[in-house]
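**Q**
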Amino acid sequence: EVVVHWGAGAYICGEETGLLESLEGKRAYPRLKPPFPAVAGLFGCPTVINNVETLSYLSAVFQMGGEEFAKLGSEKNGGMRLFCVSGHVKKPGVYELPLGTPLREIIYQHAGGIRGDRKLKAVVPGGLSAAILTADEIDVGMDFDQLRARGTMAGSGGVIVMDESASIVEALMVAMRFYAHESCGQCSPCREGTGWVDKILHRVVGGEGRKQDVDNLLDICSFMGGTTICALADGAAMPLRSYPTKFRSEFESYIAEKKSNPGLVSQSHHGALSGRGGQREFHKAGHA
10 EVVVHWGAGA
20 YICGEETGLL
30 ESLEGKRAYP
40 RLKPPFPAVA
50 GLFGCPTVIN
60 NVETLSYLSA
70 VFQMGGEEFA
80 KLGSEKNGGM
90 RLFCVSGHVK
100 KPGVYELPLG
110 TPLREIIYQH
120 AGGIRGDRKL
130 KAVVPGGLSA
140 AILTADEIDV
150 GMDFDQLRAR
160 GTMAGSGGVI
170 VMDESASIVE
180 ALMVAMRFYA
190 HESCGQCSPC
200 REGTGWVDKI
210 LHRVVGGEGR
220 KQDVDNLLDI
230 CSFMGGTTIC
240 ALADGAAMPL
250 RSYPTKFRSE
260 FESYIAEKKS
270 NPGLVSQSHH
280 GALSGRGGQR
290 EFHKAGHA
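Per my numbering, the sequence shown starts with residue 10, numbered consecutively.
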């Protein structure tokens with residue numbers, strides 16, 4: 010018997026115990042662990058929780074056998090993976106490929122390369138929570154171990170490609186606005202950390218940034234990771250640390266440029282994360 014429950018789309022319900030709380034009709038606050046769901050889960054009963062993608066491969070595993078299925082991927086990370094490629098590529102979409110497929114191959118072969126034949130600037134390899142990679146770091150296999158060795162993670166398999174027109178500052182602002190909105194508010198480091206980061210980045214993009222804001226962002230980040238019940242704060246901390254670290258000069262020049270040209274605004278703060286990079290043109294406010 011299969012019963013399907015419709016959710017309202019809250020990101021926090023991606024955390025397994027938050028999902029259980031929601032299914033029980035309560036606010037989706039993640040639980041302290043232990044006990045783990047396999048011992049005491051839904052309504053106190055032992056519960057197995059899996060992502061849909063995991064369950065989708067059960068048929069192939071049963072038909073092929075575990076050993077043969079594992080041979081499809083890399084040596085230590087066997088099997089297949091769904092990679093959702095978005096952003097500034099010619100052929101965005103969902104690609105089912107073996108684990109360990111090179112990131113460069115995914116971007117330039119399967120997704121058709123950078124739209125408009127522009128230069129690649131950066132890639133987020135595993136959804137918003139993954140640390141960003143520069144254009145010089147894309148010769149890496151897309152599996153759990155290889156990405157971890159590069160200081161990022163496979164995460165959800167969401168590959169976000171940014172070309173040279175993208176603003177890394179505005180991309181981080183969009184990401185942090187998401188985490189500030191989706192934080193359940195149960196843990197202070199997450200609630201306050203994402204909230205303050207969101208305010209600082211909006212101030213920076215609004216032309217009121219200060220040079221010390223880059224260090225302020227990194228300081229806040231240091232108090233978020235590993236200090237909360239669930240991993241949402243860790244997920245926010247990884248991009249928050251990597252964007253300003255790898256693109257610090259862009260953050261500093263962005264702040265300086267906005268300060269000297271307060272009327273300089275962007276047509277779309279979402280361009281870097283929605284594939285509209287070619288439309289990101291600056292204009293004087295009131296003179297579009």
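Beta carbons are placed, not taken as given, at the ideal position from N, Cα and C, and that holds for glycine.
Apply the 10 Å Cβ neighbour rule to V213 and answer buried if 16 or more other Cβ atoms are within range, or exposed otherwise.
**A** Position 204 of the sequence shown, counting from 1, holds the residue named residue 213. By the neighbour-count rule (16 or more Cβ atoms within 10 Å), V213 is buried.
**Q** State the Cα-Cα distance for the pair P111 and P101, rounded to the nearest angstrom.
**A** Here the question's residue 111 lines up with position 102 in the sequence shown. Here the question's residue 101 lines up with position 92 in the sequence shown. Cα to Cα, P111 sits roughly 17 Å from P101.
**Q** Nearest CA to the CA of Y188: which residue from V178, A131, C196, G204?
**A** As a working note, residue 188 is residue 179 in the sequence shown. Here the closest residue by C-alpha is G204.
**Q** Going by the beta-carbon positions, is the gap between V6 and Y263 smaller than 8 Å?
**A** This structure does not reach residue 6, given that the chain is present from 10 up to 297, and the question cannot be answered.
**Q** Spell out the partners DSSP gives V103 in its beta bridges.
**A** Stepping through the sequence shown from its first residue, residue 103 is reached at position 94. Per DSSP, C93.
**Q** Taking its Cβ as the centre, do 16 or more other Cβ atoms sit within 10 Å of S6, making it buried, or is it exposed?
**A** With the chain represented from 10 up to 297, any question about residue 6 goes unanswered, as that position is not in the structure.
**Q** Helix, strand or coil for V214 per DSSP?
**A** For the purposes of this step, residue 214 is taken as the residue at position 205 of the sequence shown. In the structure shown, V214 sits in a helix (DSSP, three-state: H, G or I).
**Q** Whose C-alpha, out of L241, R219, L249, C199, is nearest the C-alpha of E266?
**A** Position 257 of the sequence shown, counted from the first residue, corresponds to residue 266. Nearest C-alpha to E266: R219.
**Q** What does a CB cutoff of less than 6 Å around C22 pick up in its chain, not counting 5 residues either side in sequence?
**A** Walking along the sequence shown from the start, residue 22 turns up at place 13. The answer, listed in chain order, is G16, L28, S31, A37.
**Q** Is DSSP giving D148 helix, strand or coil here?
**A** The residue labelled residue 148 in the question sits at position 139 within the sequence shown. Residue state, collapsed to three classes: coil.
**Q** Mind listing, in chain order, the continuous alpha helix (DSSP H) runs of no fewer than 4 residues lying wholly within the region 150-202?
**A** Complete alpha helix (DSSP H) runs here, min 4: 153-158, 177-191.
**Q** Let me check one thing: in DSSP terms, what residues is A131 bridge-paired to?
**A** Your numbering for residue 131 matches position 122 in the sequence shown. Bridge partners of A131: T143, M171.
**Q** Is there contact between the region 115-132 and the region 228-238, where contact requires at least three CB pairs shorter than 8 Å?
**A** Output reads no: the region 228-238 does not touch the region 115-132.
**Q** With a cut-off of 8 Å, do at least 3 Cβ pairs link the region 63-81 to the region 35-51?
**A** Output reads no: the region 35-51 does not touch the region 63-81.
**Q** Grab the span of the alpha helix (DSSP H) containing C230 for me, first residue to last.
**A** Numbered from 1 along the sequence shown, position 221 holds the residue referred to as residue 230. Where C230 is concerned, the enclosing alpha helix (DSSP H) stretches over 222-231.
**Q** Given this structure, state the Cα-to-Cα distance separating Q276 from M185, to the nearest angstrom.
**A** Taking the first residue of the sequence shown as 1, we reach residue 276 at position 267. Taking the first residue of the sequence shown as 1, we reach residue 185 at position 176. Below a pLDDT of 50, predicted positions are generally treated as unreliable, and Q276, at 47, falls in that range; no measurement from the model is reported.
**Q** Can you pull the DSSP bridge partners for I123?
**A** For the purposes of this step, residue 123 is identified with residue 114 of the sequence shown, where counting begins at 1. Bridge partners of I123: V98.
**Q** Please name the residue, chosen from E105, C239, A140, that lies closest to Y252 on a Cα-to-Cα basis.
**A** Against the sequence shown, residue 252 aligns to sequence position 243. If we check each option's Cα against that of Y252, A140 comes out closest.
**Q** Only counting the same chain, and skipping five residues up and downstream in sequence, which positions put a Cβ closer than 6 Å to that of R159?
**A** Mapped onto the sequence shown, residue 159 falls at position 150. If we look at R159 and ignore the five residues flanking it on each side, its Cβ neighbours are V149.
**Q** With a cut-off of 8 Å on the beta carbons, I'd call C239 and E24 a contact; round off their distance for me.
**A** The sequence position of residue 239 within the sequence shown is 230, counting from 1. The sequence position of residue 24 within the sequence shown is 15, counting from 1. Their Cβ separation, rounded to whole angstroms, is 5 Å, which keeps C239 and E24 in contact under 8 Å.
**Q** I'd like to check one pair, E62 with L91: are the Cβ atoms closer than 8 Å?
**A** Walking along the sequence shown from the start, residue 91 turns up at place 82. Walking along the sequence shown from the start, residue 62 turns up at place 53. Yes.
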